[in-house]
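Take any residue in the sequence shown, count from 1 to its spot, add 4: that is its number in this note's numbering. Worksheet: one structure, shown below.
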Amino acid sequence: MKTLLVYPEFPDTYWSFRHALSFEGKRSAFPPLGLLTVSALLPDAWERRLVDMNIQPLRPSDIKWADAVFASAMIVQKDSLRRVVELCKAEGKRVVIGGPYATTGAEHLPLADHIFLGEAETTLPEFVRDLERGAPKRIYQAAERPSLSATPIPDFHLADIRRYSAMPVQYSRGCPFQCEFCDIIEIYGRVPRTKSNEQVLAELDALLRVGWRGTVFIVDDNFIGNKRNVKRLLPVLADWSERHGRPFSFITEASVNLAEDDELLDGMRRANFRRVFLGIETPVEASLKEAQKGQNMRRNLLDSVKKIQSYSMEVMAGFIVGFDNDPDDIFERQIEFIRESAIPLAMVGLLTALPDTQLWRRLDREGRLLAESTGNNTDGSLNFVPKMDAARLVEGYKSIMRAIYSPGEYYQRALDCLERVVAGAPESQRNRFAGDVATLFRVVLALGVRDRERGEFWRYLRRALTRHRKKFADAVRLAAVGYHFRKLTEGLNG
Ligand code: B12
Ligand code: SF4
């Protein structure tokens with residue numbers, strides 16, 4: 005069986021990091037881990053090819069070559085997925101789809117031959133058996149959520165690793181909390197399941213074997229969802245890192261209660277975690293209550309951020325506007341919070357009702373749902389009727405983006421962040437110094453020569469050099485990411 009694994013195109017969004025990636029000479033942030041995992045679940049004898057449309061085009065010859073096409077997508081990729089399915093069906097190919105969009109939007113994909121709902125560790129082997137006896141089903145849904153001990157080492161060798169800025173590794177699935185807008189708990193459940201320490205190290209060994217050095221993103225929804233297991237993993241990870249000459253620095257996502265656990269924070273610092281993404285959402289207590297985000301309540305969120313930063317980790321965070329309880333001054337309060345928290349990468353979005361979530365069901369009951377979401381909560385579109393006037397909400401959202409990504413405001417946050425995040429080892433040990441020089445050259449050319457805001461850039465760089473010489477590489481990276489966010493914000497307004 006010749007199997008073509010296809011990852012559809014993302015639109016150009018905040019999360020695409022497109023403007024920043026081009027400085028590094030990269031095409032996309034990460035390879036598609038879902039498909040690399042699916043590949044590893046298929047029989048060894050099957051031939052496979054990966055086409056990630058975010059780094060290369062899907063050529064007619066690829067489709068012609070294949071007996072079957074396996075595609076994975078998030079909602080935000082749905083238009084590209086639909087085109088892929090149509091193209092492949094026009095060539096008479098068997099089309100199999102899975103991943104988050106298939107799981108929550110299967111009814112929109114009538115052309116696909118086989119649809120996988122949820123995780124595929126048990127259902128994919130069942131499909132292969134059904135195919136061999138000539139009776140494959142259209143819909144596969146696992147009876148229960150599989151143990152991650154059944155998850156194989158992803159086929160990293162299929163990805164052209166030179167085109168990506170980081171590699172993904174998954175340690176756990178699921179999250180114990182119950183945020184109303186979240187689809188993670190619907191798709192992956194509220195009981196976090198983890199891989200064993202041995203599985204994680206085997207995946208890191210595999211990344212070393214394919215030649216990866218640099219950033220590894222632990223793509224868990226909440227890395228600290230199962231604190232007991234994670235505390236057992238971290239010393240093992242730190243030890244592995246030391247033995248291998250610290251080839252990787254780690255990024256992950258975690259809930260804010262990380263700040264109250266010094267043992268965890270210390271373990272993460274020792275294991276070389278350099279950045280962590282938090283779901284802060286809002287500084288407004290009533291909106292947190294509405295979102296059922298109890299883990300963020302009754303604590304000083306600014307102090308929590310500061311504490312994590314003091315453990316050598318840059319904090320990135322998600323923020324949301326559009327809750328029913330948002331006060332009139334929500335936009336100013338978000339801007340002020342983001343400024344004071346020294347979080348350069350603040351992902352602010354409009355509240356979005358994703359299918360199958362508690363929020364979706366409530367809004368449906370209240371007759372407030374408008375349409376299926378675009379899957380991109382930063383494009384300024386609303387898929388429900390908000391309590392606040394909709395035009396005011398969207399304009400307020402844009403005003404936050406304009407404020408926080410204006411060069412003066414952004415560079416100040418970046419400097420504050422460099423000040424607060426205690427220096428550790430350099431973020432990633434690159435194997436080609438020339439690569440860094442080329443990156444620096446491209447950043448300086450774009451931000452320091454061509455950009456009309458170049459004065460702000462040189463002021464920032466001078467201050468970064470005088471005050472944070474040892475963190476210069478981080479300073480340049482932050483400038484590059486800020487540029488991406490500013491460019492996207494200009495698009496939002498235009
Ligand atoms: C890493 C990640 C990213 C990376 C993408 C990297 C990449 N190339 O894949 C980045 C940071 C770029 C990203 C961005 C976004 N992401 Co994202 N992301 C994730 C995250 C944390 C991990 C994905 C992953 O690697 N999982 C590990 C693999 C092993 O799991 P899996 O993909 O589910 O695969 C399993 C099954 O689904 C199944 N399967 C998957 N594909 C297929 C295909 C076939 C044929 C079969 C049979 C089975 C199958 O088998 C696998 C093994 O069981 C998930 C959360 C999550 N837990 O998955 C969110 C998640 C996928 N992202 C999400 C969203 C919303 C986004 C954004 C739109 C955010 C935004 N607001 O703008 C952006 C969009 C990107 C863009 N440029 O516009 C949502 C998707 C919701 C949905 N229903 O579509 C998720 C679920 C998180 C969430 N709730 O917010 N994301
Ligand atoms: S903490 Fe994050 S992953 Fe967990 S339920 Fe809330 S939004 Fe979802």
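All C-beta atoms in this analysis are idealised placements derived from N, C-alpha and C, irrespective of residue type, glycine included.
- Relative to residue 73, the option among 149, 46 and 79 whose CA is nearest is 46.
- Counting only unbroken stretches of 4 or more residues, the alpha helix (DSSP H) elements lying wholly within the segment 350–393 are 362–369, in sequence order.
- About 16 Å separates the beta carbons of residue 365 and residue 389, which is beyond the 8 Å limit, so they are not a contact pair.
- In the three-state reduction of the DSSP assignment, residue 119 falls in the strand class, which pools E and B.
- Residue 134 places its beta carbon 8 Å or farther from that of residue 98.
- Secondary structure note for residue 66: its alpha helix (DSSP H) is the uninterrupted segment 64–69.
- Not one heavy atom of the ligand B12 sits closer than 7 Å to the Cβ of residue 92.
- Restricting attention to 154, 349 and 15, the CA atom closest to the CA of residue 484 is found in 349.
- Rounded to whole angstroms, the Cβ separation of residue 335 and residue 403 is 6 Å, and the two are in contact under 8 Å.
- When the beta-carbon positions are compared, residue 414 and residue 408 come within less than 8 Å of each other.
- A distance below 8 Å between beta-carbons, with the five flanking residues on each side excluded, links residue 105 to the following residues of its chain, in chain order: 77, 78, 79, 81, 82, 85 and 379.
- Proximity of the segment 159–170 to the segment 20–39 meets the contact definition, three or more beta-carbon pairs being nearer than 8 Å.
- Here residue 298 carries a helix assignment [DSSP, helix/strand/coil].
- Residues 244 of the same chain have their beta carbon placed closer than 6 Å to that of residue 205, with the five preceding and five following residues left out of the count.
- Here the alpha carbons of residue 183 and residue 391 stand approximately 19 Å from one another.
- Not one heavy atom of the ligand B12 sits closer than 7 Å to the Cβ of residue 64.
- Taking 8 Å as the cut-off, the beta carbon of residue 478 is found no closer than this to the beta carbon of residue 361.
- Put simply, of 262, 291 and 288 the residue whose alpha carbon is nearest the alpha carbon of residue 280 is 262.
- A distance criterion of 7 Å places the beta-carbon of residue 384 beyond contact range of the ligand B12, judged by its closest non-hydrogen atom.
- Contact holds between the segment 153–163 and the segment 207–219, because three or more Cβ pairs, one in each stretch, are under 8 Å apart.
- Shown here, residue 288 sits in coil according to DSSP, grouped into three states, outside any helix or strand.
- Residue state for residue 81 is assigned as helix, using DSSP reduced to three classes.
- Not one heavy atom of the ligand SF4 falls within 7 Å of the beta-carbon of residue 362.
- For the segment 225–256, the full-length alpha helix (DSSP H) segments reaching 4 residues or more read 231–247 along the chain.
- Per DSSP, the unbroken beta strand (DSSP E) holding residue 52 starts and ends at 51–56.
- The DSSP-derived three-state label of residue 401 is helix.
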